[in-house]
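Asks:
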Amino acid sequence: MRVDVAFGRKGLRLDLPAGFAYRVLEARSAQPLPDAAGALEAALDEPIGTAPLARLAQGRRSVAISVCDITRPAPNAFVLPKVLERLEAAGIPREAITILIATGLHRPDTEDEIREIVGPEVAARYRVVNHEARKKDSHRYLGETRSGTPVFIDERFVAADLHITLGFIEPHLMLGYSGGRKLVAPGLAGEETIKVLHSPRFMRDPRTHEGSIEGNPLHEELLEIARMAGHDFIVDVALARDRRIAGVFAGDPEQAHRRGVEFVSRVMLEELDAPADAVITTSAGYPLDLTYYQSI
């Protein structure tokens, strides 16, 4: 049996031996939006649970925007220009906007990678900087969560008047689903905070698992941290199998994210009816398999 799988930038062909019963299992793919640009405009102008972004930005002196790093296939270069248009229309000068690469504890992205992430025009015209989790003095201590997690968040994000995150929603090993609050913590969190979030306290908890945010203690912890950091507005997307945009969810960080989670769980998840004896899988190709850690 011959199977092509997503691996790196070019893919990989597998020749599997005869004599076994095989099943190729793929996540169901939502239909790409016929007009993704129009859907994005509508989501920004008629968001979920908040005023339109342009109105929300009026009277603010500075804005911080958190975006995924190179290890995530988020379409930042597509989403960012429409967000920036509305911020500038609200009277926020370009020099008052900071775009933060939410690296968590990953390595900093290179200049070439930053251009790939945000697009060359945005990279040339706006302040785009890496988050650096190990530089403790570049974070603001916001206190502890109710469960005792010390909260250190990038000072440049906390100090802004308006806090925006751009991400995408897919099943996540511990958090249930990515997107939303994840772009604040661990994305912009300090090392001390991230170590707690990735500690056995959460990772061994049976409620922290893929595909569920209900009663998930790590999801709830990150929501609390995002509130402490002043998280104001999200723009999250759902991606079809070919990584075209299948849904746009913008607005209140909790309401809009939940709407996106409901969409992804309804139209994209596939379930096995019985355990398999052996599984061969990949991480869906570049950039998700960019590093060994990300590949698992």
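Mapping the sequence shown onto numbering that gives the first Met the number 0, position 68 (from 1) lands on 67, and the numbers just tick up by one. Every residue, glycine too, gets a C-beta built ideally from N, C-alpha and C. Just so it is clear, the structure is predicted and the values come from calculations on it, not from any experiment.
Using only CA atoms, which one of V128, V23, P119 and T97 lies nearest to P107?
Replies: Selected option, being the one with the closest Cα: V128.
Asks: Should E131 and S137 be called a contact, given that it needs their Cβ atoms to be closer than 8 Å?
Replies: yes
Asks: Please report the residue range of the alpha helix (DSSP H) in which F262 lies.
Replies: Q254 to V266
Asks: From which residue to which residue does the beta strand (DSSP E) around A63 run?
Replies: V62 to C67
Asks: Taking 8 Å as the threshold (C-beta atoms), are A42 and F248 in contact?
Replies: In contact: F248 and A42 (Cβ atoms closer than 8 Å).
Asks: Using only the alpha-carbon positions, how far apart do L79 and E209 sit?
Replies: Spanning the two alpha carbons is a distance of roughly 28 Å.
Asks: Could you have a look at L86 and say whether DSSP puts it in helix, strand or coil?
Replies: In the structure shown, L86 sits in a helix (DSSP, three-state: H, G or I).
Asks: Would the beta-carbon of P216 fall within 8 Å of that of D204?
Replies: yes
Asks: Kindly confirm or deny that the segment 83-94 and the segment 39-56 touch, where touching means at least three C-beta pairs closer than 8 Å.
Replies: yes
Asks: What does a CB cutoff of less than 6 Å around L297 pick up in its chain, not counting 5 residues either side in sequence?
Replies: Lying outside 0 to 295, the shown extent of the chain, residue 297 is not represented and no answer is given.
Asks: Within the continuous beta strand (DSSP E) that includes R155, where are the two ends?
Replies: Bounds of any beta strand (DSSP E) do not take in R155; it lies within the alpha helix (DSSP H) bounded by E154 to V157.
Asks: Does the contact criterion of 3 or more C-beta pairs under 8 Å hold for the segment 168-175 versus the segment 107-116?
Replies: no
Asks: Would you say L32 reaches chain B, if we count a Cβ-Cβ gap shorter than 8 Å as a contact?
Replies: Included in the structure is just one protein chain, with no chain B present.
Asks: Taking Cβ positions, are I96 and L83 nearer each other than 8 Å?
Replies: yes
Asks: Locate the beta strand (DSSP E) running through R1, then write down its first and last residues.
Replies: R1 to V4
Asks: Taking F19 as the reference, give the member of D276, P74 and E120 with the closest Cα.
Replies: D276
Asks: Do you know how far the Cα of G259 is from the Cα of R265?
Replies: 10 Å
Asks: How would you write the range of the beta strand (DSSP E) that T97 sits in, first residue to last?
Replies: From DSSP, the beta strand (DSSP E) with T97 extends over I96 to A101.
Asks: Hey, T148 and T207: beta-carbon distance below 8 Å or not?
Replies: no
Asks: Give the DSSP bridge partners of Y21, in chain order.
Replies: BP columns for Y21 are empty, so no partner.
Asks: Between the Cα of D3 and the Cα atoms of Q30, P286 and I279, which residue gives the shortest distance?
Replies: Measuring from the Cα of D3, the nearest candidate turns out to be I279.
Asks: Confirm the yes/no value for this check: CB of L32, any heavy atom of the ligand HEM, distance under 7 Å.
Replies: With respect to the ligand HEM, the structure shown offers nothing to examine, as it has no ligands at all.
Asks: Just to check my reading of the structure: P46 and R242 have Cβ atoms closer than 8 Å, yes? What is that Cβ distance to the nearest angstrom?
Replies: Not confirmed; about 24 Å, so no contact.
Asks: Hey, could you find the ends of the beta strand (DSSP E) L238 is sitting in?
Replies: F232 to L238
Asks: How about F6 and G284: do their beta carbons lie closer than 8 Å?
Replies: yes
Asks: Quick check on this structure: which residue in E154, V121 and R124 has the alpha carbon closest to the alpha carbon of K134?
Replies: E154
Asks: Is DSSP giving R93 helix, strand or coil here?
Replies: helix
Asks: Among L187, C67, A63 and K81, which one has its Cα closest to the Cα of E94?
Replies: A63
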